[in-house]
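> Below is a structure I'd like to ask you about.
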Amino acid sequence: IGELNIVNPSRNVIPGEIAFTLDVRSPDSSVMDALDRDIRAAATEIAQRRRVAIDLDQIWRKPPTVFDDRLVNAVQTAATALGYSYRRITSGAGHDACNVAGVIPSAMIFVPCKDGVSHNELEDATQADCSAGTNVLLHAVLAVAGVASK
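Take 779 as the starting number for the sequence shown in my numbering and just add one per residue.
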């Protein structure tokens with residue numbers, strides 16, 4: 779749940795109206811399609827059983843972005859060569875790289891954030907982790923450009 783809005787909230791009253799958003803992410807469009815169908819079916823069943831109205835509106839949908847294998851592998855190779863731990867992850871955020879990936883080869887490098895919090899005002903990454911990410915980027919770019927030895 780990304781946002782939750784309770785109309786006229788009170789500790790001791792069952793709310794008459796609640797609005798919330800669901801943030802659904804997967805690297806596989808068919809998984810998102812199946813989840814959408816399941817959520818809609820469950821909402822219909824709950825609405826009928828509880829005799830309430832449930833409105834579902836899709837406010838935004840973006841298909842998963844697949845990054846360039848050559849660039850992703852260059853990032854992984856650079857991280858390994860520099861002795862940094864790494865993990866391939868799927869991001870559902872709307873990064874610039876996701877928007878340009880259909881036009882030019884793209885990849886992304888993430889650095890760890892305190893308590894795993896990112897894209898939030900509490901995001902906090904150490905200078906050491908940011909430096910490591912920048913070092914990986916430098917070495918990946920040099921390798922792809924053919925400047926660095928393999």
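Every residue gets a Cβ at the ideal spot worked out from N, C-alpha and C, and that includes glycine. Model, not experiment: these values are computed from the prediction.
1) Hey, would you say the C-beta of L849 is under 6 Å away from at least one heavy atom of the ligand MG?
2) Where does L782 sit, in a helix, a strand or coil, going by DSSP?
3) From A812 to Q826, what does the alpha carbon distance come to, in whole angstroms?
4) From L920 to G780, what does the alpha carbon distance come to, in whole angstroms?
5) Helix, strand or coil for I882? Go by DSSP, reduced to three states.
6) Going by other Cβ atoms of all chains shown within 10 Å of its Cβ, with 16 needed for buried, is A819 buried or exposed?
7) Identify the continuous beta strand (DSSP E) that holds I796 and give its terminal residues.
8) Compare the C-alpha of I887 against each of V881, H917 and S807 and name the closest.
9) Assuming G914 and A903 are in contact, meaning their beta carbons sit under 8 Å apart, how far apart are those beta carbons, in whole angstroms?
10) Does the Cβ of L782 have 16 or more other Cβ atoms within 10 Å, making it buried, or fewer, making it exposed?
11) So the candidates are R866, A797, A885 and K840; which of them puts its Cα closest to the Cα of S808?
12) Helix, strand or coil: how does DSSP classify H917 here?
13) Following the continuous alpha helix (DSSP H) through N851, name the residue where it begins and the one where it ends.
14) Among D806, M810, A852 and D801, which has the Cα closest to the Cα of S884?
15) Exposed or buried, I857, counting other C-beta atoms within 10 Å across all chains shown (16 or more means buried)?
Reading off the structure:
1) By its list of ligands, the structure shown contains no ligand whatsoever, and the ligand MG lies outside what it can speak to.
2) Your numbering for residue 782 matches position 4 in the sequence shown. DSSP places L782 in strand when its eight states are reduced to three.
3) To locate residue 812, count along the sequence shown from 1; it is residue 34. To locate residue 826, count along the sequence shown from 1; it is residue 48. If you take the alpha carbons of A812 and Q826, they lie about 21 Å apart.
4) In the sequence shown, the residue the question calls residue 920 occupies position 142. In the sequence shown, the residue the question calls residue 780 occupies position 2. Their Cα atoms are separated by approximately 39 Å.
5) Taking the first residue of the sequence shown as position 1, residue 882 is located at position 104. Three-state result, I882: coil.
6) For the purposes of this step, residue 819 is taken as residue 41 along the sequence shown, with counting starting at 1. A819 is exposed by the Cβ-count criterion.
7) Translated into the one-based positions of the sequence shown, residue 796 becomes position 18. Per DSSP, I796 belongs to the beta strand (DSSP E) from I796 to F798.
8) For the purposes of this step, residue 887 is taken as residue 109 along the sequence shown, with counting starting at 1. Ranking the options by Cα distance to I887, first place goes to H917.
9) Counting from one through the sequence shown, the residue named residue 914 turns up at place 136. Counting from one through the sequence shown, the residue named residue 903 turns up at place 125. Strictly speaking, residue 914 in this sequence is Val, with Gly absent from that position. No, V914 and A903 are not in contact; Cβ-Cβ is about 14 Å, not under 8 Å.
10) Position 4 of the sequence shown, counting from 1, holds the residue named residue 782. L782 is exposed by the Cβ-count criterion.
11) As a first step, residue 808 is located in the sequence shown; it is residue number 30 there, counting from the start. Among R866, A797, A885 and K840, the Cα nearest to that of S808 belongs to K840.
12) Here residue 917 refers to the residue found at position 139 of the sequence shown. Of the three classes helix, strand and coil, the one that applies to H917 here is helix, per DSSP.
13) If you number the sequence shown from 1, residue 851 lands on position 73. Run containing N851: D847 to A859, per the alpha helix (DSSP H) assignment.
14) Here the question's residue 884 lines up with position 106 in the sequence shown. Per the Cα distances, A852.
15) Looking up residue 857 in the sequence shown gives position 79. It should be noted that the sequence gives Ala, not Ile, for residue 857. Counting Cβ neighbours within 10 Å, A857 comes out buried, since at least 16 surround it.
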